[in-house]
Structure formats: structure tokens, C-alpha cells
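Below you'll find the structure, written out as C-alpha cells, and then a few comments.
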Amino acid sequence: MFFPISNSHINPLYLVVVGFVIGILGGFFGVGGSFIAGPALRLMGVDWNYAVGTDLAHIVGKSIVAARKHRTLGNVDMKLGMIMALGTIGGAEGGAQLIQALKRAGNVNTVVSWVAIVVYVGISVFMLWESHTTLRLHKGRSRRTVQAAESKVDHSAFGPVTKKIQGMKIWPMINLPTSGIRISLWIILSVAVVGGFFSGFLGGGAGYIRMPSMVYVLGVPTHLAVGTDLFEIVISASYGTFTHAIKGNVDILIALVMHTGAVIGTQIGVVATQYFAGPKIRLAFVPLPLIGAAIVIYTLLTGQKL
Amino acid sequence: MKQDTAKSLRVFAAELAIYAVLVTGYFFLVLHLLGNWLYQLETQHRILYAVVAILLIAGQAVALDAVTTVLFRLLRRRWR
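Line order of the protein sequences matches chains A and B.
Anchor point for the first sequence: position 25 equals 16 in my numbering, and the numbering is continuous, going up by one each time.
Anchor point for the second sequence: position 10 equals 341 in my numbering, and the numbering is continuous, going up by one each time.
Now the structure itself:
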């Protein structure tokens, strides 16, 4: 099938399958899946600028479906999502500005690659330690069949640190009844700005940073973090799609085709979260940033842009 | 339990088959018709293209979500 906007020939079935796989990951983990979608489009010869912009457009559609499903399951904290969207957009602009500054300095690829490797591996190692420790501490409970309601009761080995962060009384304090927490607005905004910064700096929706941050820093239960992250991605990715489309980086036809596969994948991913407890979802999340790190290491070693 | 799993898989397979037919029709009708118009829009009116792009992907998300939900409900009821 010919896609005139990006001037590329791609088998639509390939796009549907890629969308399906990313949909499952997105629905289950609350991530955009840009670390797969970007390279998958590049493999088909789509220019890098179109791969980034088109991926964002596809993320908007996929996240709408996933967020709607999570909302019906009570997994979305709308108030938290709205606040975080503001911080994410601000942070994304900051990340994009730093990219421009590094471009002018002439070392953007090396710096971004090394930062990406450190961040991805760091997240994976930390989450592996935390989820493994939590599962060991609650071994008796995890052996039982997880019922839907019980699966949302969350435990974390990092809990004491999270409690200290929640205890910081910096005005204004925000009540988040859906998530069951009361926390300073500035802490929420800080998490959102950092997530947005990495979204602008490393590309994609940066759900691999924001979802764990919501669990460990804000103390949001894992299921709610996944749903709220997706809701927040709808807003921030829409903004990203708009700015990229104006710059001529979006092939909406490719995004629409990919999205048809993502709809089914997303629904499977969302339903699957109901059968896993929070620490198990976090443990299953561990390989995702490592895949991202492996792709970056590959591009560094071979000099190829995937 | 095994019977439930088999029933769920059967419903899912039927849903996938019907969905595949709908999506194939969608490719040939909607994308073929929209392709040239979107290409013109992208080259001549970028801001309008950006707005249309977001509306299209959001509209498709809501529409396909509704289609899959209705399909799933209908098939579940039929096989119950």
C-alpha cells in the first residue's frame, strides 16, 4: 500500500500487527510503545521525522481506547491526569529545547544515546529489585489466585520512602480521593515535568518513566498509575501530534492503519491487568526499558539509525 | 473453567474474524477516498491538516472501540 504523505510503500498487515503488539503493551503497562513503533516504521523505510510524528499520532488513538477501558474499570484518576498533563507539556518543551542546544553543539546523538541507556537500565534494575523484594515479602498472598478486587491492593518495598514524600507538606496540598492520597501539587508537577522532559529529550510518551514514578514517588496504586498515565498520554501526545503535524512530520494514514490493530491489542492488555497484582505487573514491566536500551546500544555500535 | 476459557477464545476468534472483514473494507473505502485529500491538505494547509489528523485518529479510536465492544457483547450473548 502506498502512503503518499511520507512517500513510502508498506504492507498494511505489517502495520496492523505492529499496532496489535504495541496495543497489548500499552493496555497492560500504560506505555506508548514508541521504543517499538519508531524502529518498526524505520525498518520499512519511513524517514525518522515521520516515524516519530506518526508514532505520536498512533499513540493518541491507542491511548484513547485504553484510557476509556481503564476508566470503566475505575483505573483512571482524572484530577491527577489533568495536573500531570500540564507538567508533561512544559517538561516536553524543555527536553526539546535541550535537544536543539545539543544539536547546535554537535553531539546530540552521543549524549542522548548514553542518557537513554543509563535511564532505561536504571529503571529496569530498580523495578526488578523493588518488585522482586515486594513479591518475596508477600509470598503467601501472591500464591493465591488473584481476584479482580484484591489485585488492586498494592504493596511496595519502596513504600516507606513514598510515605516520606507524601508527608512533605508543601502548600498547596492536593487531595486525590480516587488514588487515595494527599500530596503536594509541586511533587506531582515535578514528576510530570521530569516525565515530559524525557519525552521531549528521548522521544515517545515516556510512559516507562512516568508510570513507575507515579507508583514510587506519588504512591499511586499500580492499576491506577497505568490508567491515569494513559489518560495523561492522550493529552500530551495530542499536543505532540499537533506540533509535529504542523512541522510536516505526521503521516496520519499510517497512524490510522496501525491503530486498527492497536484497538484489539489494547483491549486484551487492559483486561489482562485485572488478573495480575501490582508487583507482578511491575516485574513484567522490567524487560521493556531493557529493549529500549538494547536498541540504543545497537544503533551506537553499528552507527545505524533504527 | 476449561469450558469458560474455550468459550472466551471462541468469542475472541469470532470477534477477530468479523473485525478483520470490517477493517479490510475500511482500508479500501475510507483510506483510499481520504488519501489524496489528506495529501493535498498536508502540503497546502498544515494547521488544518494537524487539526484533521487529531480529529481522525480520535474519531477512529472512539468508533472502533464502540464497534469492538458491541461485537464482543453480541457474540457473548449469542454463545451464552
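Each residue gets a CB set at the ideal place from its N, CA and C atoms; glycine is no exception.
query, result
"Which residues in the same chain have their Cβ closer than 8 Å to the Cβ of Tyr380 of chain B, if we skip the five residues on either side of it in sequence?", "Leu369, Leu372, Glu373"
"Could you say if the region 211 to 228 of chain A and the region 50 to 67 of chain A meet the contact criterion of at least three C-beta pairs nearer than 8 Å?", "yes"
"Anything in the region 50 to 67 of chain A with a Cβ closer than 7 Å to a Cβ of chain B? List those residues in chain order, please.", "Val51, Gly52, Ile55, Val56, Arg59"
"Going by beta-carbon coordinates alone, are Ile174 of chain A and Met164 of chain A separated by less than 8 Å?", "yes"
"On a CA-only basis, which of A:Gly85, A:Tyr230, A:Lys130, A:Leu176 is nearest Ala268 of chain A? Give me that one, please.", "A:Lys130"
"Which same chain residues, not among the five before or five after Pro270 of chain A, have their C-beta less than 6 Å away from its C-beta?", "Ser122, Thr125, Leu126"
"Considering only DSSP beta bridges, list what Ser227 of chain A is partnered with.", "Answer is none; Ser227 of chain A lacks a bridge partner."
"What span of residues does the beta strand (DSSP E) with Ile165 of chain A cover, start to end?", "164 to 167"
"Please report whether the beta-carbon of Val401 of chain B lies at a distance below 8 Å from any beta-carbon of chain A.", "no"
"Any idea if Met301 of chain A is buried or exposed, counting beta-carbon neighbours within 10 angstroms, 16 or more meaning buried?", "With chain A represented from -8 up to 297, any question about residue 301 of chain A goes unanswered, as that position is not in the structure."
"Counting only Cβ pairs nearer than 8 Å, list the residues of chain B close to Gly239 of chain A.", "Glu373, Arg377"
"Going by C-alpha distance, which of A:Val208, A:Tyr199, A:Trp105 is nearest Pro278 of chain A?", "A:Tyr199"
"Roughly how far, in whole angstroms, is the beta-carbon of Gly14 of chain A from the beta-carbon of Lys70 of chain A, given that I think they are within contact range, below 8 Å?", "Rounded, the Cβ-Cβ distance is 27 Å, inconsistent with contact."
"Could you work out which residue in A:Gly21, A:Trp177, A:Arg273, A:Ala275 is closest to Leu77 of chain A when comparing CA atoms only?", "A:Trp177"
"Going along chain B in order, which residues have a C-beta closer than 7 Å to the C-beta of Leu247 of chain A?", "Leu362, Leu387, Ile388, Gln391"
"Determine the DSSP secondary structure at Ile1 of chain A, reduced to helix, strand or coil.", "coil"
"Apart from the five residues on each side of it in sequence, which residues of its chain come closer than 6 Å, Cβ to Cβ, to Pro280 of chain A?", "Tyr111, Ile114, Ser115, Tyr199"
"How is the beta strand (DSSP E) around Ser54 of chain A delimited, first residue to last?", "Where Ser54 of chain A is concerned, there is no enclosing beta strand (DSSP E), although the alpha helix (DSSP H) it sits in stretches over 39 to 63."
"Are the region 185 to 198 of chain A and the region 232 to 252 of chain A touching, with three or more C-beta to C-beta distances below 8 Å?", "no"
"Of all the CB atoms in chain B, is at least one closer than 8 Å to the CB of Gln258 of chain A?", "yes"
"Candidates A:Gly256, A:Pro203, A:Leu291, A:Leu215: which alpha carbon is nearest Leu274 of chain A's?", "A:Pro203"
"Here's the rule I'm using: 16 or more other beta-carbon atoms within 10 Å means buried, otherwise exposed. How should Arg134 of chain A be labelled?", "Legend: pLDDT at Arg134 of chain A = 47, less than 50; position of this residue unreliable, no value from coordinates given."
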